[in-house]
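Notes follow once the structure below has been shown.
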Amino acid sequence: MRLSKYFVPTLKEVPNDAVVTSHILMLRTGMIRMVSAGIYSFLPLGYIVMKKISEIIREEMDAIGGQEFHLPALNPKEIWEETGRVEAFGDILFHIKNRDYVLAPTHEEIVTYHARNVVKSYKDMPQIWYQIQTKFRNEPRPRSGVIRGRQFLMKDSYTFDNSWEALDRSYNLHDKAYRKIFDRCRLKYFVVGASSGAMGGTGSEEFMVKSDAGEDTVAYCESCGYAANVEVAASRIEGVKRKAESKSIYEISTPDVKSIDELCAFLKIDETQCAKSRIYVHNGEPVLILMLGNDEVNESKLVSVLGGNVRPGHPDELKEITGADAGSIGPMGFRGKIIADHRLKDANNMFSGANKNDYHIGGIDFQHDVKNVEYQDLRIVKSEEGCPKCEMKLEVFSAIELGHIFKLGTKYSEAMAAKFIDEKGEEHPIIMGSYGIGVERIMACFIEQHHDDKGIVWEKPLAPFDVHLIALNMKNESVASTSEKIYNELMQNGISVLFDDREAAAGFKFNDADLLGMPIQIVIGEKKLKDNKVELKIRKVNQRLDVDLTEVLNNIKMLFAE
RNA sequence: CGGGGUGUAGCGCAGCCCGGUUAGCGCGCUUGGUUCGGGACCAAGAGGUCGAGAGUUCAAAUCUCUCCACCCCGACCA
1244 MRLSKYFVPT LKEVPNDAVV TSHILMLRTG MIRMVSAGIY SFLPLGYIVM
1294 KKISEIIREE MDAIGGQEFH LPALNPKEIW EETGRVEAFG DILFHIKNRD
1344 YVLAPTHEEI VTYHARNVVK SYKDMPQIWY QIQTKFRNEP RPRSGVIRGR
1394 QFLMKDSYTF DNSWEALDRS YNLHDKAYRK IFDRCRLKYF VVGASSGAMG
1444 GTGSEEFMVK SDAGEDTVAY CESCGYAANV EVAASRIEGV KRKAESKSIY
1494 EISTPDVKSI DELCAFLKID ETQCAKSRIY VHNGEPVLIL MLGNDEVNES
1544 KLVSVLGGNV RPGHPDELKE ITGADAGSIG PMGFRGKIIA DHRLKDANNM
1594 FSGANKNDYH IGGIDFQHDV KNVEYQDLRI VKSEEGCPKC EMKLEVFSAI
1644 ELGHIFKLGT KYSEAMAAKF IDEKGEEHPI IMGSYGIGVE RIMACFIEQH
1694 HDDKGIVWEK PLAPFDVHLI ALNMKNESVA STSEKIYNEL MQNGISVLFD
1744 DREAAAGFKF NDADLLGMPI QIVIGEKKLK DNKVELKIRK VNQRLDVDLT
1794 EVLNNIKMLF AE
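Position one of the first sequence corresponds to residue 1244 (this note's numbering), numbered consecutively onward.
Below you can see the structure in the form of structure tokens.
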């Protein structure tokens, strides 16, 4: 492709609205342009990458027996009402104004609709159906460029099985296929396992990429591969050791002391001698949560311990509940349920609020002084804490969810009456699985992981072009004709070439080439041409080699063979 | 939905606080010429409903109000 005729509007300056690296680079390289919040046009260069990723996914899905569908984005609302998901999705679901249609945010309903009409016997299964198509979700807050959009390309597949064992097989096939896909896309990723009950499934895995632009926070152990969403992550951390001598409780005047840090400074004690109090309201009843020192309450863990409706107490109701404002609340004299974090179990000589403003109590013994206390793991795991599965340490960071595989079970087949007859002639709901991959997210994550201060650094599997050919001065006859020759020679040998045949200054072209980031650059200039040489530059390592004119093709083949 | 911020030429910005002639700058663009190995130079030029609407005023990019769009933080999230 000749750059002089190709629509690649590169940007020298960083666009105002872009913050995350991948978004900035996708805009600067002319891969995408925003049309509205969370809605992007893919320009030719970006679309090539999208097609390459799609093709990798397609190959791996076909390899496990997947059958590609083309499903409608416009869905009758009544199909979605069968599963109750019009309500479940709420405002996320786009509704069409002049007809009772919705824009599909995913395709469980449509696929189940087809299955129930045709998949009637155990002999009809297993089935793996997939599609790579645009999904629509009215995200309240699109962000990070293409990473969270209102319209995005998703590969989703659905499996139909006649037993739970068969579902396990379909699920494992996807697990393997996904690993191959992300490996082929040259992504560094990890897998977070979770037993998510909310959707009625029995198991799921998330494929994640570490990134500051991510919206999930995960705890990860590089050593053993333990990975968990921070909402459920556990860690190996010691509790407080009970002291031999146990003091009695006593009241201390602590004017203007609110935080644990202030309390420690005021009393010259360590934070591991303090019990921090938090008031939550559970189904209308106050609950006191006690944490060691500055440990934070993990509200997800709290919700799973308590069940029902849990919310933090409002500042203005604290005094009514405890007799004190935030900063002076504690277990002594608290009338209501008390739950303490495991680290506080059997602690003595502890300090906590007195439920009287500007007073704290010392010498608290959790064995004697705190009645009816229940101990639970309520902490938010932090970096550097011990991995629960091995001897190494955890790292906590944000991550982007690239893909999700999910054992759906019979939720949709039951709701939509998609049933089959087994060997004994009995009727059962089809057992389903659902598996998604965000195509744009692969693209964005790749760029997040493969760039430098000059621009993107593509690897061959996803690169829009294999080679960026730079003719330094097109007005020079021999430079122009040699460039044309090499351009044609490479193309005839199946190497895709972006040919910078524009009349522009050398520096301009070099910078564009580094920004666009094709794996190999070929630079053709007068000086080296006099010795029948051209320069090859390997973008990734910034290495340049002078190569004989006749050896260009061979060298490039060798470089790509590595 | 809550909090914060931005909106002026294709892009990045100044001007606004303290209202006052033809609204500037850099990049890009057009034409001509000179250059040609790391975002060149000279000359001439084109390009603006100052986000939209209403108001205050002799006079509004500038002050007031309403709305809209976009970004960030939070809430929410398949």
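Using N, Cα and C, we set each Cβ at its ideal position, and we do this for glycine too.
Quiz item: Are the beta-carbon atoms of S1520 and L1533 separated by less than 9 Å?
Solution: yes
Self-check item: Residues near M1801 by beta carbon distance below 8 Å, same chain, minus five either side
Solution: none
Quiz item: Residue ranges of each beta strand (DSSP E) run of no fewer than 3 residues wholly in the region 1670-1730, ordered along the chain?
Solution: 1670-1672, 1674-1681 and 1710-1714
Exercise. To the nearest angstrom, report how far apart Y1523 and K1588 are at their CA atoms.
Key: 20 Å
Quiz item: Got a sec? Which residues, its chain only, sit under 7 Å from S1439 by beta carbon, not counting five neighbours each side?
Solution: Confidence at S1439 is low in this model, with a pLDDT of 43, below 50, so the placement of that residue should be treated as unreliable; the coordinate-derived value is given next. Result list for S1439: S1447, in chain order.
Practice problem: Apply the 10 Å Cβ neighbour rule to F1250 and answer buried if 16 or more other Cβ atoms are within range, or exposed otherwise. | Solution: exposed
Quiz item: Among the residues of its own chain, which have a CB less than 6 Å from the CB of M1442, if the five just before and after it don't count?
Solution: Low per-residue confidence applies at M1442: pLDDT is 44, beneath 50, and the placement is therefore not dependable, though the value from the model is reported in the following sentence. Counting only Cβ-Cβ distances below 6 Å, and skipping sequence neighbours, we find nothing.
Quiz item: At what residues does the alpha helix (DSSP H) containing G1605 begin and finish?
Solution: Element bounds for G1605: not the alpha helix (DSSP H) but the beta strand (DSSP E), Y1602 to I1607.
Quiz item: Quick one: is R1684 buried, meaning 16 or more other Cβ sit within 10 Å of its Cβ, or exposed?
Solution: buried
Self-check item: Residues sharing a beta bridge with W1372, DSSP
Solution: Q1310 and Y1401
Self-check item: Sequence ranges, beta strand (DSSP E) only - wholly within the region 1495-1553, length at least 3
Solution: 1518-1525 and 1528-1535
Quiz item: Taking DSSP as the reference, what is the three-state secondary structure of H1557?
Solution: coil
Quiz prompt | Span of the alpha helix (DSSP H), counted from its first residue to its last, around K1771 | solution = E1769 to L1772
Exercise. Check each candidate in N1719, V1710 and P1704 and name the one with the smallest Cα separation from M1293.
Key: P1704
Self-check item: With 16 other Cβ atoms within 10 Å as the buried cut-off, status of Y1421
Solution: buried
Quiz item: In chain order, what residues of the same chain have a beta carbon less than 8 Å from the beta carbon of C1464, not counting five sequence neighbours either side?
Solution: A1470, C1630, K1632, C1633, M1635, K1636, L1637 and E1638
Quiz item: Rounded to a whole number of angstroms, what is the C-alpha to C-alpha distance between H1417 and T1402?
Solution: 10 Å
Quiz item: Tell me which same chain residues have a C-beta within less than 7 Å of the C-beta of T1565, skipping the five on either side of it?
Solution: I1522, I1572, F1577 and N1598
Quiz item: For the region 1647-1660 against the region 1314-1331, are there 3 or more C-beta pairs whose distance is under 8 Å?
Solution: yes
Practice problem: Could you give the DSSP three-state label for R1578: helix, strand or coil? | Solution: coil
Quiz item: What does R1427 pair with, by DSSP beta-bridge criteria?
Solution: Answer is none; R1427 lacks a bridge partner.
Self-check item: Coil, strand or helix - E1617 by DSSP
Solution: strand
Quiz item: Is the number of C-beta pairs between the region 1272-1281 and the region 1663-1682 that are closer than 8 Å three or more?
Solution: no
Quiz item: Roughly how many angstroms separate the alpha carbons of P1383 and G1646, rounded to a whole number?
Solution: 21 Å
Quiz item: Is there at least one non-hydrogen atom of the ligand ZN closer than 8 Å to the beta-carbon of D1744?
Solution: Ligands in the displayed structure: none, and consequently the ligand ZN is not present.
Quiz item: In whole angstroms, what is the alpha-carbon distance linking R1787 and A1706?
Solution: 19 Å
Quiz item: Which two residues bound the contiguous alpha helix (DSSP H) that contains H1266?
Solution: T1264 to R1271
Quiz item: Can the beta-carbon of F1594 be found less than 9 Å from the beta-carbon of L1531?
Solution: no
Quiz prompt | Stretch pair the region 1666-1683 + the region 1391-1398: three plus CB contacts closer than 8 Å | solution = yes
Quiz item: Between the region 1351-1363 and the region 1375-1394, are three or more C-beta pairs nearer than 8 Å?
Solution: no
Self-check item: Span of the beta strand (DSSP E), counted from its first residue to its last, around L1741
Solution: V1740 to D1743
Quiz item: Along the chain, where does the alpha helix (DSSP H) that runs through V1752 open and close?
Solution: Correcting the residue type first, residue 1752 is Lys in the shown sequence and not Val. Element bounds for K1752: A1749 to L1759.
Self-check item: C-alpha distance - L1758 paired with V1473, whole-angstrom precision
Solution: 36 Å
Quiz item: Whose C-beta lies closer than 8 Å to the C-beta of D1334 among residues of the same chain, with five residues either side of it excluded?
Solution: N1381 and P1383
Quiz item: Anyone know if the C-beta pair for G1676 and Y1414 falls short of 9 Å?
Solution: yes
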